[in-house]
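Trainee: Residue numbers (this note's numbering): 52 to 1802.
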């Protein structure tokens, strides 16, 4: 029966209260949700309810309170109810000596988004039962440790007695799996691996937990050591069996379980269980497998457990590990122990003599820590434990006090959605389960939890095809749910009837209901819950006019597109009040009677500075400024005086009226009086009215002035005469009376009377006699010399041309200009500082530049300091021996004032960062002026001011400089002679000095480059110029000895010779950088004694071998005659600045002469200058565009005029900004087992910067490749480690993997792959000590997401990394990508930064037709292909390792024709499909499209694709042939025609069907390759320090093979690389490499040398691993090689030939290794036996191993 309905006003009041009490978003969340059913509604939010009342007309989904207020009955509302119930609770008894928890059981039902808080109590007694189990490594290296352990059993028991009276102690031992390669399987070694030792075993429980310490000691005395082969041990097997075999070990349920793990070696982990003869073992089943003797029996059939498995099992069984390890293996266990909730780690001495002390410390640490962890928690629930009593540590445990009952606050929360999926749509296992909230030492609290995801009961009781729904729908939950094709509240409208749709369509529109509603029964039902209105939903109630950002000024509502204002408001946006309340003045009137009120604002009749918003006069403002405002106009109109006298007086806005008397001050607005400066009389005037005189206003002025009396003027001359006489008497006393002089000096006033000033006021200089670019101008100090004075000065250039300096500086304030900077260091000057190149000079130069850069780098645009030189300060009193440093700082022109302030500030402080300077001295020189400071020390009378003279070739014939002493900031002196004029007369030059030609070719064999410098004599006298060398592709101190100095031509001399010493090319340099010619520059500068620089004033020196110079370079240089050059100089101060990732702004200063334009050359640093792009510019700046991101460019500029080109400027380098990287190059999977995979990826083809991190995501997908649940994320912040090992994957389940890269610009796009491990081939991995790669657990819970089990920073072997390397040659590639990096590639950006010691380069051979670039940092996956444009043969000569290419850019293209596309990128999409991408070329006109041609390399049909869209720079090609090489050509078109083409060659390699070589196998791997790389590298260990390397000839070599170049180097650096030359061409080549070191990874590279040059490299990394004292080395290979033990006798130079090919099995390469058992076992028999054994199925045990070795 329905209850009484509340009245309408009650509902309105309740709704108002609800809307005020709930935040808007929370209150309307239920209402805003687009739900279609009751179940969907109640799952939106925990506060949502659904009304099933049939008569209810409002929105059914809302909060309970709002539904009740809207009229829904309480019994008609459906809500979800939560519950919380304690099922088991026993109070804690502190008298019991055991760990306790209260409560012990809960049952909780939570709605999505709901959380519950409750308290849990945990008690840890002062003394509790303790079970201690010691697990010890029994390998031979632990023999002395075992002896010590036998002796200290009683001491160990004594320590336990101090902790508790109830303890038990047990002992177990472990070695490793009894199989190859962990154990020596020879029969005699299986009986006794070492003298007086036991047979090998995996794990054995020797002594179960016992109270009898004497029994423990007696059993322990009978134990003997055992042994194995490899360094890591099988301790993980032992730990797992110790944990799960509760009955065998004897763990008690209520005791504290401690497990001591003692070893000196690393450990094996999951996927290391690889038997050489049986392959990979199956995963550990986590069950107990101990026989009656306590021995582990499944070591031969089950793999080692993973680290996450041990963490989980030890936590489940309340076992706390204590790792007692030696210093040798400490780093392995330091990271491992941190992942156990509570654990301890200690360092054992080599003989374990300190184990008792170590355990005592560990017990104390563990007893004070308590960890509470939620185990087996469903994914939809979150648990958090906090405490107000105890502090929480960084690892999450609590620091407790034993003997107290601790109270902990627990928060249990049900999340609403997980990765975008509502929690109720997750599987039941993710919503429901039993959470075990477990402290470290007890069983803990068990919670039965469930997320309430009920279905509304009314949906289960629906009335199908109900008559209430016109038989066209189901009646359910109080309303109709219409069938398809019907709509309306009673389902009586057909949605497909045209008669029903026509009334819903507005005339002139094609959408029903304006696209903002739904047509139901001929009427529009608008969307948006009231947002849209109108017959056709044509009005948007969010689009009405706004005021101050508020819709309808928040004073109305929007209806039908217009504002409906509230009462009292009007206007389009309801912003005008109808009331005049805001216009009422202080007297109660409207606008003070001076205006009218409109829209709530006063509009005054006459606006004035002194009227406010209600037209009221602001008298306070009048008094502040009115008199002063009228003063000048009154003065000029009344008496014709003051600052406005003359024509300016007419501009006054009022008139004055002269009167005899003024009103009193209290009767007027303002009474004003001022003194007239012209006659020193006072005049007065008044202001009346409102204080704002207008054009017709009049100011009253008193006619009579008040002037001072004039009767005492005759006293003024008399006083002046007396003062002068007194001064004369004092001066005579000072001059001639020594006594008076001494007395006057004591007076403070006389002491301050000394003076400083310039010695002369004018200097006349002749330019042809000047030997310096500065003038030392002396400052004199007279009077008392006892104090210290500093004088600031400045000098200005070209004062004879007013405005010249400001005009020159105002060209562009952002352009860089050189600033000369001089400072006085707080350091004595020595002879070595005055000699450049000495060690002392270089060290001080570095210190100065670094410290000053720290200071000046805060100036925007400032660059590092350069040209640092030192000199001695003359005439400085006590500081005469101090050092002056002169430098040049490049900074923007606009930064001059900032530089000056910053310099003065730090000079005053006496320090620039950490560099100490002497205060009182500096000089800062700009383009046309300079400022500085000099210091007079006590007793110093004269100091020189070093004035720069700004010598320029464009100077006037008579130039003037002005030097001015500004002030004395420190001291008591006054300034005397302040100004000095310097006139420089420019006469006819005495001589013109230049080089003979712009380029000189020098053979390296000559050892010295001799460069002539000539002088053309105009006036017989001496001339002097400076010279210095500058690097280009040649590097100082590597290719030549840098030099600088001065050349002095005596009268009559016309020729001088510069000599630069050349250095021999080292073998390492020839391999890394090629043998191409190198260049450096020699610059002439600073002419003196009237000399002038002619052209060319810069010369390029080209160093090379004689045949190179006679060939290519001579042809390139001498065949083209030099362009005629006019009398133009080189542009000065070139400067480049990156303005984006693809733009550089390049500017310079105009050269001497009259240029008509400029020609700019720019190219990628390291490429040949012949590849340069050319740009013309009429202005001294240019914007370089369409560049590559994060790429180093070189550029230079020359001027040209009517006579021709001038010389080029010096080279400038600049790097563009970074850009987000492209997707990683490819994903590769190395399947370790059915639940473990190793994922690796390549660096992005376009790094566009320095890669800083990678993000790997992986997650389950269904058969349609759609994700199941969330993706897990792992951040790999070591960009060089592009490998990840993922454990505990689900068997036979496909996973989706994505990888993306990050650089300084952000994250790039991701690379994706989907793989099912069950369908992939498996291969055994080698036996590593520990992987040097991150490991993640795929089945871990929330606590383990995104954490790395290992970090390469801490887990390293003391002797270097001994992990196996994974070669990319044998990886299973799911997707491939190869980047053909032409000039401008992101992979070629840092070539010049590669150091001698650390490099990863390709060898760059010299081709006779071109100059090759220097070495690059390309990875081996990416190679460049080049093709000369004139070559059309089917076999193209290619150079795979250089980054330059010949194109038609060397010859100028016609205007408007596009350049060559500068980059080709190939991405394999499948075994027969390929994506070809390129970069848009430069072009002056708009591009019209592209043409893509491709055909088989060995001939065939030519396919052509025309792309009319210029923005499309990629194309996907299908139906290609696998294992066939294709040549691709891409070119661009503009309106002016087709540009030159870019070409590349590529092959998609894939497995094919044996009967159909053109059909790839479904699901097979595919990758990209070039046709000229050698075959996979196969390594064979010969001895601990030598190996044999073999490889197959290239599949399709480019030309005839002449031999191979092999490079060997340490993978982690440390020693220089060694190269080998292998001559000949055979199907398989071999090389024996001696002199290697054990357990050190080496990197090998092999290149084929053909008649066309060197091909691409094949690379592999290998380690010869050997146990100390063990007989068998093994190969830990990065190439996925199969290893097995080798005999003790080795053949060092085994070079006999064999036609036996390596065996390939599921992608596994078996190296052909030599085994000798007493000389009777041959290589062929060994290989055949291993091959047949591997081909069999099943798992072979110890018996087969023994049989093999007995054979």
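Glycine included, every Cβ here is placed at the ideal spot set by N, Cα and C.
Source: prediction; values computed, not measured.
Can you grab the Cα-Cα spacing for the pair residue 261 / residue 149, in whole Å?
Mentor: The straight-line gap from Cα to Cα measures roughly 19 Å.
Trainee: Could you check whether residue 980 and residue 1105 sit closer than 8 Å to each other, using their CB atoms as the reference points?
Mentor: For residue 1105 and residue 980, no; Cβs fall outside 8 Å.
Trainee: What number of angstroms, rounded off, separates the C-alpha of residue 336 from the C-alpha of residue 250?
Mentor: For residue 336 and residue 250, the distance between alpha carbons rounds to 26 Å.
Trainee: From residue 1534 to residue 1252, what does the alpha carbon distance come to, in whole angstroms?
Mentor: If you take the alpha carbons of residue 1534 and residue 1252, they lie about 26 Å apart.
Trainee: Helix, strand or coil: how does DSSP classify residue 621 here?
Mentor: Strand.
Trainee: For residue 587, which option in 1048, 564, 607 has the closest C-alpha, if you only look at C-alpha atoms?
Mentor: Out of 1048, 564, 607, 564 has the C-alpha closest to the C-alpha of residue 587.
Trainee: Could you tell me the alpha carbon to alpha carbon distance between residue 1006 and residue 1037, rounded to whole angstroms?
Mentor: Roughly 8 Å between the two C-alpha positions.
Trainee: Which of the three DSSP states is assigned to residue 379 in this structure?
Mentor: If DSSP states are grouped into helix, strand and coil, residue 379 belongs with the helices.
Trainee: What does the alpha-carbon distance come out to for the pair residue 378 and residue 1681?
Mentor: Computed Cα separation, rounded: 41 Å.
Trainee: Determine the DSSP secondary structure at residue 912, reduced to helix, strand or coil.
Mentor: Residue state, collapsed to three classes: coil.
Trainee: By how many angstroms is the C-alpha of residue 1008 removed from the C-alpha of residue 972?
Mentor: So the alpha carbons of these two residues sit roughly 33 Å apart.
Trainee: So is residue 830 buried or exposed if we call it buried at 16+ other beta carbons inside 10 Å?
Mentor: Per the 10 Å Cβ criterion, buried.
Trainee: Report buried or exposed for residue 1543, applying the criterion of at least 16 other Cβ atoms within 10 angstroms of its Cβ.
Mentor: Counting Cβ neighbours within 10 Å, residue 1543 comes out buried, since at least 16 surround it.
Trainee: Kindly indicate which residue of 639, 1315, 1139, 1265 has the alpha-carbon position closest to the one of residue 820.
Mentor: Of 639, 1315, 1139, 1265, the residue nearest in Cα terms is 1139.
Trainee: Could you please give the first and the last residue of the uninterrupted beta strand (DSSP E) stretch that includes residue 155?
Mentor: Unbroken run through residue 155: none, as it is neither H nor E.
Trainee: For residue 1705, which option in 752, 1654, 1661 has the closest C-alpha, if you only look at C-alpha atoms?
Mentor: Measuring from the Cα of residue 1705, the nearest candidate turns out to be 1654.
Trainee: Alpha carbons only, please: which of 1024, 1099, 1152 is nearest the one belonging to residue 1054?
Mentor: The shortest Cα separation from residue 1054 among 1024, 1099, 1152 belongs to 1152.
Trainee: If we call anything under 8 Å between Cβ atoms a contact, is residue 361 one with residue 290?
Mentor: Yes.
Trainee: Take the Cβ of residue 834 as the centre, count every other Cβ of all protein chains shown within 10 Å, and call the residue buried at 16 or more, exposed below.
Mentor: So residue 834 ends up on the buried side.
Trainee: Leaving out five residues on either side along the sequence, give the residues of the same chain with a beta carbon under 8 Å from the beta carbon of residue 1165.
Mentor: Interpretation of residue 1165 is limited by its pLDDT of 41, a score under 50 that renders its predicted location unreliable; the figure taken from the coordinates is listed afterwards. So the qualifying residues of the chain are 1052.
Trainee: Would DSSP call residue 957 helix, strand or coil?
Mentor: Correct three-state label for residue 957: helix.
Trainee: What does the alpha-carbon distance come out to for the pair residue 577 and residue 610?
Mentor: Approximately 14 Å, taken between the alpha carbons.
Trainee: Taking the alpha-carbon of residue 961 as reference, which of 479, 903, 1144 has the nearest alpha-carbon?
Mentor: If we check each option's Cα against that of residue 961, 903 comes out closest.
Trainee: Give me whichever residues DSSP pairs with residue 370 in a beta bridge.
Mentor: Bridge partners of residue 370: 308.
Trainee: With contact counted as at least three CB pairs below 8 Å, one residue from each stretch, are the region 297–306 and the region 263–278 in contact?
Mentor: These segments do not touch.
Trainee: Measure the C-alpha to C-alpha separation of residue 366 and residue 483 and round it to an integer number of angstroms.
Mentor: Approximately 22 Å between the Cα atoms of the pair.
Trainee: Please look up how many angstroms separate the CB atoms of residue 1042 and residue 1074, rounded, as I've assumed it's under 8 Å.
Mentor: Yes, residue 1042 and residue 1074 are in contact; Cβ-Cβ is about 4 Å, under 8 Å.
Trainee: Using beta-carbon positions only, say whether residue 1108 and residue 844 come within less than 8 Å of one another.
Mentor: No. Outside cutoff.
Trainee: To the nearest whole angstrom, what separates the beta carbons of residue 1187 and residue 1265, a pair I think is in contact under 8 Å?
Mentor: The pair is a contact, with the Cβ atoms about 4 Å apart (cut-off 8 Å).
Trainee: DSSP on residue 1092, reduced to helix/strand/coil?
Mentor: The answer is coil: DSSP assigns residue 1092 none of H, G, I, E or B.
Trainee: Pull up the DSSP beta-bridge partners for residue 832, would you.
Mentor: Paired residue(s): 807.
Trainee: Tell me whether residue 193 sits in a helix, a strand or coil according to DSSP, three-state version.
Mentor: Reduced to three states, the DSSP call for residue 193 is helix.
Trainee: When the Cβ atoms of the region 170–177 are set against those of the region 443–459, are three or more pairs found closer than 8 Å?
Mentor: Yes, since at least three Cβ pairs between the region 170–177 and the region 443–459 fall closer than 8 Å, the two stretches touch.
Trainee: Can you grab the Cα-Cα spacing for the pair residue 1129 / residue 1219, in whole Å?
Mentor: Each residue's alpha carbon lies about 10 Å from the other.
Trainee: Based on Cα-Cα distance, which residue from 181, 207, 199, 292 lies nearest to residue 225?
Mentor: Nearest C-alpha to residue 225: 292.
Trainee: Shortest alpha-carbon distance to residue 467 belongs to which of 162, 1003, 1067?
Mentor: With distances taken between Cα atoms, residue 467 lies closest to 162.
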